[in-house]
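Residue numbers (our numbering): 446 to 1023.
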């Protein structure tokens, strides 16, 4: 129970913090920790704790000093204003921000770089916390002008401006009217400025001082957000941006032979990773009609990267695999023509046990490939299944990768259907072993891992049942191969249901599996499934705040009720209990 100690102390603490805010060092490095910055963080935490109660203690200071002749007081006022935003409710916050907008925009042109830096940071906070104030028609044009101007400022200022653009893009997109047919807005409030903003951000990514203040990554991040949150009428600019990023990637790959120093290598690797990330963002917006026109050039660049020395760096290898994953997503079955050239690099990723993030990304990409290629992935299945099974049995493979592998088994069987039968016994044995894992219940990390592992097992069982059952109204006879394993699967669901530490995600997958068992095996399964722990778990799922969990639990409950309604005639033929 809160005793509101912080609220009672506001009148004593806040004046001291506000005075500390005015003690900045003019030549202070923006990354240095000092009393002024500590005061800002303390004020932010107090605002989160005390909410609107903090306003009367801070607002007089802001009003008195926001236009002070002393830059330290202007900056302190801005910092105080930006720091309290996160604690206020919308009713208090919106009029406060809207009233301050003209002054905040004016401070973006301040003579002091520190004041401009704080002003840009404050706009980043506004775009994140109360974005509707930033996309207000009354202030949008002058705000954009000040932000564009800020992109040419010192790196520390420009980096905060980039952060503001990221928030602005998301706010504009979220406020737009979505076209129900396409799921994308036809236009939005930034449409007329979109191309100009993107062009300026591209220029910012190329600044010679981009390595300072994290500017280059911030500019690429803003560019990604602009593209990700773009409406239909900005598509031409997205197309152009895709080609610019692809050209840059090709140019960067040609530079590798000229790298001599460790510092150059580090910057080169960082740039490759940024370009791969941006390529993912633009590819997700490219239409299925346009994607094949650029896929050859993209895949050529990716293969060049995989063959280069830079791909010995785990981070670059991971980002390149993620870029390929996006291409698979966009091309679907069209990715098949690249598989022979790409598979050696996929296998290298799957064998990269030292850098488990790379291995995990390769496992995820494997699932993407099977979902995209379906039966056409069959020629690669033996090698991939061998590698996945070896990884599961290898103690040097990081534990976080193993639940992903189990889930991918589900993706594979869903993709190749009855062709999976040749792997079934070894996979079912592996799932049985994984389902019996025990962990230290006092270790929260291990409890999380247990839930992830169980979720992977449940995903695999779900994929196996769905893949063997087929899509027809009548289950494919192949699914009956699983009949001897059904009691064990139901027992595992019961264990999950009874465990007090099960996660919401685990409940969702377990509920889905219950529904799949009902549709695949029908009334004979009722006596196994109609148990109190399973019914309690489904009831919990129906109360979940997560829509996926609620939907799956409701569906599983309906399927169980259908079985109950039709069970009388079928119970006599039950073979699962024999």
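Even glycine gets a Cβ: it sits at the ideal position worked out from N, Cα and C.
CA nearest to the CA of residue i, picked from the options
i	options	result
residue 614	785, 679, 550	679
residue 873	784, 764, 906, 591	906
residue 862	908, 817, 894	908
residue 714	464, 590, 759, 675	759
residue 450	498, 853, 822	498
residue 576	888, 590, 530, 964	530
residue 460	448, 485, 472, 474	485
residue 573	587, 608, 675, 547	608
residue 953	1001, 916, 741	1001
residue 963	554, 790, 924	924
residue 452	500, 888, 988	500
residue 582	1011, 554, 677, 543	543
residue 789	765, 465, 751	751
residue 503	463, 870, 611	463
residue 476	517, 659, 871	659
residue 697	495, 746, 937, 955	746
residue 434	957, 1010, 749	This structure gives no information on residue 434, because the portion of the chain shown stretches from 446 to 1023.
residue 555	511, 540, 663	511
residue 668	589, 623, 656, 719	719
residue 723	666, 706, 766, 737	666
residue 570	605, 910, 541	605
residue 532	496, 812, 780, 699	496
Euclidean distance between Cα positions of residue i and residue j
i	j	result
residue 725	residue 772	8 Å
residue 966	residue 1006	14 Å
residue 1023	residue 994	In this prediction, residue 1023 scores a pLDDT of 49, lower than 50, which makes its location untrustworthy; no coordinate-derived value is stated.
residue 526	residue 467	13 Å
residue 753	residue 690	19 Å
residue 670	residue 617	11 Å
residue 839	residue 832	10 Å
residue 996	residue 481	50 Å
residue 634	residue 621	7 Å
residue 629	residue 693	28 Å
residue 536	residue 728	39 Å
residue 721	residue 493	37 Å
residue 647	residue 603	13 Å
residue 640	residue 959	50 Å
residue 999	residue 709	56 Å
residue 743	residue 768	9 Å
residue 855	residue 733	26 Å
residue 683	residue 778	24 Å
residue 644	residue 632	19 Å
residue 448	residue 528	23 Å
residue 422	residue 568	Any property of residue 422 remains undetermined from this structure, which presents the chain solely from 446 to 1023.
residue 932	residue 976	13 Å
residue 770	residue 458	52 Å
residue 454	residue 478	25 Å
residue 949	residue 878	23 Å
residue 763	residue 686	23 Å
residue 1008	residue 917	19 Å
residue 782	residue 739	14 Å
residue 895	residue 945	12 Å
residue 695	residue 915	44 Å
residue 970	residue 989	26 Å
residue 889	residue 947	12 Å
residue 653	residue 661	10 Å
Contact belief for residue i with residue j at Cβ below 8 Å, rounded distance in angstroms
i	j	result
residue 585	residue 552	That pair is no contact at about 17 Å.
residue 935	residue 974	6 Å
residue 809	residue 849	6 Å
residue 775	residue 717	That belief does not hold up - the Cβ atoms of residue 775 and residue 717 are roughly 20 Å apart, past 8 Å.
residue 834	residue 806	Wrong, their Cβ atoms sit about 19 Å apart, outside the cutoff.
residue 578	residue 546	7 Å
residue 860	residue 815	4 Å
residue 951	residue 899	5 Å
residue 901	residue 852	5 Å
residue 627	residue 673	Contact flag wrong, Cβ pair sits at about 15 Å.
Residue i at chain C interface by Cβ criterion, 9 Å
i	result
residue 668	As a matter of chain content, chain C is missing from the structure shown, which is built from one protein chain.
>> Going residue by residue through the segment 792–819, where are the continuous alpha helix (DSSP H) segments of at least 4 residues, counting only ones entirely within it?
In response: Counting only runs of at least 4 residues, the segment 792–819 fully encloses the following alpha helix (DSSP H) elements, listed from N- to C-terminal order: 801–818.
> Pairing CB atoms from the segment 820–840 with CB atoms from the segment 884–900, are three or more of them under 8 Å?
Replying inline: By the Cβ test, the segment 820–840 is not in contact with the segment 884–900, since fewer than three Cβ pairs between them sit closer than 8 Å.
> Is there contact between the segment 794–802 and the segment 839–856, where contact requires at least three CB pairs shorter than 8 Å?
Replying inline: Taking 8 Å as the limit for Cβ pairs, the verdict is that the segment 839–856 does touch the segment 794–802.
>> With three or more C-beta pairs closer than 8 Å as the rule, is the segment 595–612 touching the segment 560–578?
In response: Contact between the segment 560–578 and the segment 595–612 is present, because at least three Cβ pairs lie under 8 Å.
>> Give the list of continuous beta strand (DSSP E) stretches no shorter than 3 residues that lie fully inside the segment 930–988.
In response: Runs found: none.
> Along the chain, which unbroken stretches of the alpha helix (DSSP H) at least 4 residues long are found entirely within the segment 660–704?
Replying inline: Correct list: 660–673, 680–699.
> At what residue ranges does the segment 889–937 contain a whole run of the alpha helix (DSSP H), taking only runs of 4 or more?
Replying inline: Runs of the alpha helix (DSSP H) inside the segment 889–937: 889–914.
>> Quick check on the DSSP output: what are the complete alpha helix (DSSP H) runs of length 4 or more inside the segment 459–515, in order along the chain?
In response: Runs found: 480–495, 500–510.
>> If we require 4 or more residues per run, which alpha helix (DSSP H) segments fall completely within the segment 818–847?
In response: The segment 818–847 contains these whole alpha helix (DSSP H) runs: 826–838.
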